[in-house]
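Numbering (the numbering used here), first residue to last: 69 to 425.
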């Protein structure tokens, strides 16, 4: 085949080159990923609220119909481009190869999950989070929904928005261009926090409940704050290392993630906490311009954002359900979250080795 072939994205490419994705393809993946991730959170909600007795539930129907949509779209793309002459390695747009693999593995994980339920019963609480088949499905889910993020990482670049002269319009354009990537980032974060919800202070508000086993509950809560900070700031700083995030990016990512988590144990006030934190983080990005070229600003940002996040978290609890912790504990936990974010910044943007200067 010597003539040009056309990928699903609509752009022409020779058979020896990889299919090029475009915005239509990205949004299609976001659409089917929304269905799949929504089904996963719906199933998790059912595990938290209902005593399930069988694998065949309405929640699983939503989850696996979402998987069917993902598989149909990704496999259909692969087959279509193979028929047009592309090699197996080049038949998926860059960044989506792992999404295809994750979708296929999800099928086997789903079959394994059904057999696991039949053999060992329905998991509840932390058992549901750490069930081997559920861990497998969570990993596959994260790999699938991260497709647009990987695709943008490989193919796109954006200029740093300049404020205030004509900056608002440029920032809006940048936001719209990067929107599929930002949603994918939020989905990836949400897939990770879904399986780690047993150690999430936004799912289980330990500081506001009576402490019957004070040390154990408090230690778990503090460790959960550190763990979730590492997950959040690791992904956020990774995106910031690649792009100058336009205004509104972190408001979207944090709010969407906590919105989904809030349904797990009905803590909807935390949506406002996430929105305020994200909005403040966007202001800091605009003002400080943290990046790999400005590591001091990046490290300060990595400390301030999680510290603020958990200060607002404790404030929300103080104003509503109350906090049964001493000021030493809750204030120190917020600072420790900031330190965790600051340390993560050294992994994402390590200091230059003197010999490499």
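Note that beta-carbon positions come from the ideal geometry of N, C-alpha and C, so glycine has one too.
- Should the stretch 293-303 be called in touch with the stretch 240-247, which here means at least 3 C-beta pairs below 8 Å? no
- Task: Just the C-alpha distance for residue 118 and residue 129, rounded to the nearest angstrom, thanks.
- Result: Locating residue 118 in the chain shown gives position 50, where the first residue counts as 1. Locating residue 129 in the chain shown gives position 61, where the first residue counts as 1. Each residue's alpha carbon lies about 16 Å from the other.
- Message: If you follow the alpha helix (DSSP H) that residue 277 is in, where does it begin and where does it stop?
- Response: On the chain shown, position 209 is the one that residue 277 refers to. Premise fails: residue 277 is in no alpha helix (DSSP H) and is neither H nor E.
- Quick one: any contact between the stretch 158-169 and the stretch 210-221, if contact means 3 or more CB pairs under 8 Å? yes
- Item | Cα-Cα separation, residue 175 to residue 382 | Reading the chain shown from its first residue, position 107 is the one you call residue 175. Reading the chain shown from its first residue, position 314 is the one you call residue 382. Those two C-alpha atoms are separated by around 41 Å.
- Consult DSSP for residue 265 and reduce its assignment to one of helix, strand or coil. For the purposes of this step, residue 265 is taken as residue 197 along the chain shown, with counting starting at 1. Of the three classes helix, strand and coil, the one that applies to residue 265 here is helix, per DSSP.
- Message: Spatial neighbours of residue 125 within its chain, please: C-beta separation below 6 Å, excluding the five flanking residues on both sides.
- Response: Counting from one through the chain shown, the residue named residue 125 turns up at place 57. Counting only Cβ-Cβ distances below 6 Å, and skipping sequence neighbours, we find nothing.
- Task: Please determine, among 326, 263 and 290, the residue with the shortest C-alpha to C-alpha distance to residue 270.
- Result: Along the chain shown, one-based indexing puts residue 270 at 202. Answer by Cα proximity: 326.
- Message: So, with DSSP's three-state summary, where would you put residue 394?
- Response: Here the question's residue 394 lines up with position 326 in the chain shown. Coil at residue 394, not helix or strand.
- Message: Bridge partners for residue 359 per DSSP, in chain order?
- Response: Your numbering for residue 359 matches position 291 in the chain shown. Answer is 362, bridged to residue 359.
- N- and C-terminal bounds of the alpha helix (DSSP H) containing residue 110: If you number the chain shown from 1, residue 110 lands on position 42. Its alpha helix (DSSP H) spans residues 91-117.
- Message: Using a Cβ distance threshold of 8 Å, determine whether the stretch 303-315 contacts the stretch 85-97, with at least three qualifying pairs required.
- Response: no
- Message: Can you list, in chain order, the residues of its chain with a C-beta nearer than 6 Å to that of residue 393? Leave out the 5 residues immediately preceding and following it.
- Response: Indexing the chain shown from 1 puts residue 393 at position 325. So the list reads 275, once near-sequence residues are dropped.
- Item | Nearest neighbour of residue 431, chosen from 204, 256, 153 and 194 [CA to CA] | Here the chain comprises residues numbered 69 to 425, so residue 431 is not present and cannot be evaluated.
- Message: Measuring alpha carbon to alpha carbon, tell me which residue in 285, 384, 404 and 132 is nearest residue 179.
- Response: Taking the chain shown and counting its residues from 1, the one referred to as residue 179 is at position 111. Comparing Cα-Cα distances from residue 179 to each of 285, 384, 404 and 132, the minimum goes to 132.
- Task: On a CA-only basis, which of 397, 262 and 374 is nearest residue 410? Give me that one, please.
- Result: By 1-based counting over the chain shown, the position of residue 410 is 342. Of 397, 262 and 374, the residue nearest in Cα terms is 374.
- Task: Inspect the CB distances between the stretch 315-330 and the stretch 346-363 and report whether three or more fall short of 8 Å.
- Result: yes
- Consult DSSP for residue 125 and reduce its assignment to one of helix, strand or coil. Reading the chain shown from its first residue, position 57 is the one you call residue 125. Residue state, collapsed to three classes: coil.
- Query: Hey, out of 332, 403 and 412, whose CA is closest to residue 111's CA?
  - Reply: Mapped onto the chain shown, residue 111 falls at position 43. Nearest of 332, 403 and 412 to residue 111, Cα basis: 332.
- Query: What are the start and end residues of each continuous alpha helix (DSSP H) run of 4 or more residues lying completely inside the stretch 369-425, in chain order?
  - Reply: 395-416
- Query: Helix, strand or coil: how does DSSP classify residue 252 here?
  - Reply: Locating residue 252 in the chain shown gives position 184, where the first residue counts as 1. Residue 252 falls in the helix class under three-state DSSP.
- Message: In whole angstroms, give me the CA-to-CA distance for residue 142 and residue 168.
- Response: On the chain shown, position 74 is the one that residue 142 refers to. On the chain shown, position 100 is the one that residue 168 refers to. Going by the C-alpha atoms only, they are around 6 Å apart.
- Task: Give the straight-line distance between the Cα atoms of residue 361 and residue 240, rounded to the nearest whole angstrom.
- Result: Counting from 1 along the chain shown, the entry for residue 361 is found at position 293. Counting from 1 along the chain shown, the entry for residue 240 is found at position 172. Cα-Cα distance, rounded: 23 Å.
- Query: What's the gap between the Cα of residue 234 and the Cα of residue 145?
  - Reply: For the purposes of this step, residue 234 is taken as the residue at position 166 of the chain shown. For the purposes of this step, residue 145 is taken as the residue at position 77 of the chain shown. Below a pLDDT of 50, predicted positions are generally treated as unreliable, and residue 234, at 43, falls in that range; the measurement from the model is reported next regardless. If you take the alpha carbons of residue 234 and residue 145, they lie about 39 Å apart.
- Using a Cβ-Cβ cut-off of 8 Å (strictly less than) and excluding sequence neighbours within five positions of residue 390, which residues of its own chain qualify? The residue labelled residue 390 in the question sits at position 322 within the chain shown. Same-chain partners within the cutoff: 276.
- Excluding the 5 residues preceding and the 5 following residue 310 in the sequence, name in chain order all residues of the same chain whose CB lies nearer than 7 Å to its CB. As a position in the chain shown, residue 310 is number 242, starting the count at 1. Same-chain partners within the cutoff: 221.
- Message: Please tell me whether residue 100 and residue 147 are closer than 7 Å, where the distance is taken between their beta carbons.
- Response: Working through the chain shown from its first residue, we reach residue 100 at position 32. Working through the chain shown from its first residue, we reach residue 147 at position 79. Taking 7 Å as the Cβ cut-off, residue 100 and residue 147 do not qualify as a contacting pair.
- Query: Helix, strand or coil: how does DSSP classify residue 221 here?
  - Reply: Along the chain shown, read from residue 1 onward, the residue named residue 221 stands at position 153. Residue 221 falls in the helix class under three-state DSSP.
- Message: Quick check: what's the CA-CA separation for residue 227 versus residue 357?
- Response: What you label residue 227 is simply residue 159 of the chain shown in a count that begins at 1. What you label residue 357 is simply residue 289 of the chain shown in a count that begins at 1. Per-residue confidence for residue 227 stands at a pLDDT of 46, beneath the threshold of 50, marking its modelled position as unreliable; no derived number is given.
- For residue 184, the three-state DSSP class (helix, strand or coil): Position 116 of the chain shown, counting from 1, holds the residue named residue 184. Residue 184: helix per DSSP, three-state reduction.
- Item | Simplified DSSP state of residue 176, which is helix, strand or coil | Mapped onto the chain shown, residue 176 falls at position 108. Three-state DSSP puts residue 176 in a helix.
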